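Each remark here refers to the structure printed beneath this line.
In my numbering, the protein residues as written are 34 to 217.
Here's what the structure looks like:
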């Protein structure tokens with residue numbers, strides 16, 4: 034019985050790491066707001082952090098019930114020299130590894146011709162319009178940090194072979210956890 038035969042029978046989703054630093058950040062912000070309840074900046078950051086955590090939790094729930102056999106790492110931080118990356122989810126299947134950037138976007142999202150994201154949403158009755166980093170560029174950069182770490186540990190032949198199949202083996206996904214937003 035080969036490895037793929039074993040994975041054919043394996044249908045569980047196993048979380049090797051399930052906690053999130055965003056959970057800790059929400060608790061920290063709530064604690065800060067207890068001391069300074071009128072701080073508008075803290076209120077808005079808490080609002081957005083809770084939205085982000087809700088989105089991550091929804092993706093975790095969907096992964097748990099996927100029934101395709103995978104290992105999942107949530108909220109992974111990696112570093113290579115002066116580069117750092119925080120990856121929402123790494124999903125490992127028998128066929129490939131996915132780097133997933135989760136976004137629980139709200140409101141209208143506009144994507145311009147250069148790939149920049151602009152989001153418009155309502156917060157406490159006010160319209161807010163802000164630019165945001167491209168989630169696609171973000172997850173591609175995360176994958177590149179991983180690639181540098183992996184390649185540093187390999188010999189020249191393995192590195193050459195790895196580079197040829199890297200894009201196929203390590204894929205990027207941006208997942209919108211909120212189906213109510215509008216993407217233009």
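Quick reminder that beta carbons are idealized off the backbone N, C-alpha and C, glycines included.
Only a predicted model underlies this, so the values are computations on that prediction, with no experimental measurement involved.
### Query
When the Cα atoms are used, what is the spatial distance from residue 168 to residue 144?
11 Å
### Message
Can you list, in chain order, the residues of its chain with a C-beta nearer than 7 Å to that of residue 257? Leave out the 5 residues immediately preceding and following it.
### Response
As displayed, the chain neither begins before 34 nor continues past 217, which places residue 257 out of reach and without an answer.
### Query
How far does the beta strand (DSSP E) with residue 119 in it reach, from first residue to last?
116-125
### Query
Given that a residue counts as buried once 16 or more other Cβ atoms are within 10 Å of its Cβ, and exposed if not, what is residue 103?
buried
### Task
State the start and end residues of the unbroken alpha helix (DSSP H) segment that holds residue 136.
No alpha helix (DSSP H) contains residue 136, which is instead part of the beta strand (DSSP E) from 130-136.
### Message
So residue 140 and residue 154 are supposed to be a Cβ contact under 8 Å. How far apart are they, rounded?
### Response
3 Å
### Message
For a quick check, are the C-beta atoms of residue 137 and residue 210 less than 7 Å apart?
### Response
yes
### Range of the contiguous beta strand (DSSP E) that encloses residue 151
150-156
### Task
List the DSSP bridge partners of residue 48.
105
### Residue burial classification, residue 129 (beta-carbon count within 10 angstroms, cutoff 16)
exposed
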